[in-house]
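Start counting the sequence shown at 2; every next residue gets the next number (our numbering). From the three backbone atoms N, C-alpha and C, an ideal C-beta is built for every residue, glycine too.
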Amino acid sequence: MFSPYKNYRYLRRYQQIITTVVRHGFGELVGRLNLFALLKLKRNNGEGQESKAMSRAVRFRLMLEQLGPTFIKLGQILSTRPDLLPGDIVVELANLQDGVTATGWEEMQKGLSRDDREILEESFGEFDTEPIASASIAQVYRARLRSGEDVAVKIIRAGTEKVFRDDMIILEHLAGLVQTHVAEARQWNTKAIVSQLRNSIDHELDLQHEGRNADIFRGNFADDPTVYVPKIYWEHSSRYLLVMEFIDGRPMGEFFADGVEPEVRKELASNGARIVLRQVFEHGFFQADPHPGNVFVMDGGVICFLDFGMFGRLDQKSLEILGRVLYAVSKRDIDRLFRAARDLGVLPPEDNPELKLAVLDLLEQYHGLPLKQIDMRQLFRDIIQLVSRFHIGIRHDFLFLIKAIGTIESTGRKLDPDFDMVSHIGPFVSKMLTKRFSPKVILEDSQRFAEDVSLLARETPEHFREILRQIRLGQAKLEFHHKGLERPMADLNRMSDKMILGIIVGALIIASSLMAHGDIGPSFLGFPVIGSISFLIAGVTGLWIIFDILRSKKK
Numbered sequence: 002m003f004s005p006y007k008n009y010r011y012l013r014r015y016q017q018i019i020t021t022v023v024r025h026g027f028g029e030l031v032g033r034l035n036l037f038a039l040l041k042l043k044r045n046n047g048e049g050q051e052s053k054a055m056s057r058a059v060r061f062r063l064m065l066e067q068l069g070p071t072f073i074k075l076g077q078i079l080s081t082r083p084d085l086l087p088g089d090i091v092v093e094l095a096n097l098q099d100g101v102t103a104t105g106w107e108e109m110q111k112g113l114s115r116d117d118r119e120i121l122e123e124s125f126g127e128f129d130t131e132p133i134a135s136a137s138i139a140q141v142y143r144a145r146l147r148s149g150e151d152v153a154v155k156i157i158r159a160g161t162e163k164v165f166r167d168d169m170i171i172l173e174h175l176a177g178l179v180q181t182h183v184a185e186a187r188q189w190n191t192k193a194i195v196s197q198l199r200n201s202i203d204h205e206l207d208l209q210h211e212g213r214n215a216d217i218f219r220g221n222f223a224d225d226p227t228v229y230v231p232k233i234y235w236e237h238s239s240r241y242l243l244v245m246e247f248i249d250g251r252p253m254g255e256f257f258a259d260g261v262e263p264e265v266r267k268e269l270a271s272n273g274a275r276i277v278l279r280q281v282f283e284h285g286f287f288q289a290d291p292h293p294g295n296v297f298v299m300d301g302g303v304i305c306f307l308d309f310g311m312f313g314r315l316d317q318k319s320l321e322i323l324g325r326v327l328y329a330v331s332k333r334d335i336d337r338l339f340r341a342a343r344d345l346g347v348l349p350p351e352d353n354p355e356l357k358l359a360v361l362d363l364l365e366q367y368h369g370l371p372l373k374q375i376d377m378r379q380l381f382r383d384i385i386q387l388v389s390r391f392h393i394g395i396r397h398d399f400l401f402l403i404k405a406i407g408t409i410e411s412t413g414r415k416l417d418p419d420f421d422m423v424s425h426i427g428p429f430v431s432k433m434l435t436k437r438f439s440p441k442v443i444l445e446d447s448q449r450f451a452e453d454v455s456l457l458a459r460e461t462p463e464h465f466r467e468i469l470r471q472i473r474l475g476q477a478k479l480e481f482h483h484k485g486l487e488r489p490m491a492d493l494n495r496m497s498d499k500m501i502l503g504i505i506v507g508a509l510i511i512a513s514s515l516m517a518h519g520d521i522g523p524s525f526l527g528f529p530v531i532g533s534i535s536f537l538i539a540g541v542t543g544l545w546i547i548f549d550i551l552r553s554k555k556k
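Here is the structure:
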């Protein structure tokens, strides 16, 4: 079992985390987890005073930002989990800031391996040691290869991996405490949340994984001249050092200003929405956080994506079910919507009339409205509140999808006040449904079905012969697993114990009578000692059995 006292580094970090949590007004939770006693911390009656004027959601976000990169990544994951946190906190977590003070070049070099230092020495003719971007995990530098190409070099910050490793051990311990001591959190799978965080961090600490995502993204949009993806220079890259083409463009945020021509802004909003929706509905491989800070605009209005660390994936079956969900929503068909939701694994098999009425009420609020009047961010907030209220579990890839569409809708509104995300989604849904029921797809499905039936017909006789052979050789066996029989089996065991005890008591009475009648053993005041003791034990045991039987009948 994890104990912070086995390592002073863990204890110091644990105390720092708890102190920060208390300072932001969440000391009551720390108390419920018994962490004040565990870490030998004194409880301060003035805890949370410096942030008491802020809302709970803002305090929670600021706390995560102050706790550092691991907790910022945790917040990013929790921002996609409206089934776990209240809606106000989920919405506020979208404002998490990952910018940190830049680390000096000498310190950064300490985190590089000898092979990475050799890459820096041999690959670059020029290298500017002042970072052009700095985040919690990595910093980006401008450089020039000896072959003349201008590049951006992304390097993992020194000591980051150790910080993440320590924090993950502490978070795993905290997750166990939350599951044990916080009753309302027992329906959560805290281990799965921490496991998702660990996988996300492992991917972001592996810059080669980010480079592979960029290559996949580039291949998906090879036919689209409005999209550009920087080239990855693999021969100069490693796990902790990624070299990509330097992009000379303007951040998307610069186009939010009123001085930019309205037509340019409208075109950027339209192209940005189309690109994100192509990622989702055509490729099933989409950037989970298409934040304006991760997007540059090049000459000619070409949109260039820069960050490839966090991506969501949807397989073909999930895309088909998503199409069914959207079609059911457009038709206000609650039964069809719930069947599709169950196929996604987000609803239990039993019906919930109250949930159906709540979903129908939500659809009625938006159905029939002009597309321009539908605020996608507000719609997502309403969905988040519904999910939180009924504790609906949603797959994290669909939560990433909701976040991606919400982000691009917000960006589109900043570029174009008349931006209409719903009208952009419509053609993709129609195309997806049309494709699903096209003759070609139906023929392919029929061929796969015929292949499956043919394979089953060929293999069944062989499987049947194998079963008969095992039966003939006495190798076949049946296993039964009972459910719900624990209490009857326990009652049967108690009955058996009482029966055996009764037989023993009867035997003691008979043996005591024989010993007394035969005058066996020493005597006291004319009574045989052994026989009397045996009678006493048998009597007490017999009375206890009678009392236990009478008590059982009253239950």
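Per-residue burial, residue i [other beta carbons within 10 Å of its own, 16 or more giving buried]
{"i": "S570", "result": "The structure shown does not extend to residue 570, since the chain is modelled only from 2 to 556, so the question has no answer here."}
{"i": "L457", "result": "exposed"}
{"i": "K192", "result": "exposed"}
{"i": "R14", "result": "buried"}
{"i": "L416", "result": "buried"}
{"i": "V454", "result": "exposed"}
{"i": "E123", "result": "exposed"}
{"i": "S80", "result": "buried"}
{"i": "M253", "result": "buried"}
{"i": "D129", "result": "exposed"}
{"i": "S447", "result": "exposed"}
{"i": "F465", "result": "exposed"}
{"i": "A589", "result": "The requested residue 589 is not part of the displayed model; the chain covers only 2 to 556."}
{"i": "I214", "result": "The question names Ile, but residue 214 in the sequence shown is Asn. Buried, since its Cβ has 16 or more Cβ neighbours within 10 Å."}
{"i": "V152", "result": "buried"}
{"i": "N46", "result": "Note that N46 scores 48 on pLDDT, short of 50, meaning its location in the model is unreliable and no value can be drawn from it."}
{"i": "I90", "result": "buried"}
{"i": "A184", "result": "exposed"}
{"i": "G260", "result": "exposed"}
{"i": "M433", "result": "buried"}
{"i": "A1", "result": "The shown model of the chain, from 2 to 556, leaves out residue 1, and the question about it has no answer."}
{"i": "A54", "result": "exposed"}
{"i": "P293", "result": "buried"}
Three-state secondary structure (DSSP) of residue i
{"i": "D352", "result": "coil"}
{"i": "Q476", "result": "coil"}
{"i": "L34", "result": "coil"}
{"i": "A309", "result": "The identity of residue 309 in the sequence shown is Phe, whereas the question assumes Ala. Three-state DSSP puts F309 in coil, outside helix and strand."}
{"i": "N46", "result": "For N46, the predicted model reports a pLDDT of 48, less than 50, meaning its position is unreliable; a value from the coordinates is still stated below. Note: N46 maps to coil in three-state DSSP."}
{"i": "I322", "result": "helix"}
{"i": "R333", "result": "coil"}
{"i": "I233", "result": "strand"}
{"i": "G540", "result": "helix"}
{"i": "F247", "result": "coil"}
{"i": "N200", "result": "helix"}
{"i": "F420", "result": "coil"}
{"i": "I464", "result": "The identity of residue 464 in the sequence shown is His, whereas the question assumes Ile. Reduced to three states, the DSSP call for H464 is helix."}
{"i": "H174", "result": "helix"}
{"i": "D207", "result": "coil"}
{"i": "N190", "result": "coil"}
{"i": "V195", "result": "helix"}
{"i": "F27", "result": "coil"}
{"i": "V59", "result": "helix"}
{"i": "A405", "result": "helix"}
Residues bridged to residue i [DSSP beta-bridge criterion]
{"i": "D151", "result": "R145"}
{"i": "V228", "result": "I304"}
{"i": "L242", "result": "I156, S239"}
{"i": "Q140", "result": "S135, I156"}
{"i": "R314", "result": "F286"}
- Entirely enclosed alpha helix (DSSP H) segments - the stretch 250-306, minimum 4 residues: 263-279
- Touching by the beta-carbon criterion (3+ pairs, under 8 angstroms), the stretch 211-229 and the stretch 306-322: yes
- Message: Tell me whether the stretch 221-232 and the stretch 256-265 touch, counting them as touching only if at least three CB pairs, one residue from each stretch, are closer than 8 angstroms.
- Response: Verdict: no, contact absent.
- Item | Whole alpha helix (DSSP H) elements within the stretch 83-138, 4-residue minimum | 88-93, 106-111, 115-124
- If you pair each beta-carbon of the stretch 52-67 with each one of the stretch 18-30, do three or more pairs fall below 8 angstroms? By the Cβ rule, the stretch 52-67 counts as touching the stretch 18-30, because three or more pairs are nearer than 8 angstroms.
- Item | Inter-stretch contact (C-beta, 8 angstroms, three-pair minimum) for the stretch 406-424 and the stretch 269-277 | Under the Cβ criterion (8 angstroms, minimum of three pairs), the stretch 406-424 counts as touching the stretch 269-277.
- Query: Looking at C-beta atoms only, is the number of pairs between the stretch 28-38 and the stretch 169-182 that lie closer than 8 angstroms three or more?
  - Reply: yes
- Would you call the stretch 101-117 and the stretch 140-159 touching, i.e. three or more CB-CB distances under 8 angstroms? When C-beta atoms of the stretch 101-117 are compared with those of the stretch 140-159, three or more pairs fall below 8 angstroms, so the two segments count as touching.
- Message: Pairs of beta-carbons, one from the stretch 108-127 and one from the stretch 71-79, closer than 8 angstroms: are there three or more?
- Response: Result no; under three Cβ-Cβ pairs closer than 8 angstroms.
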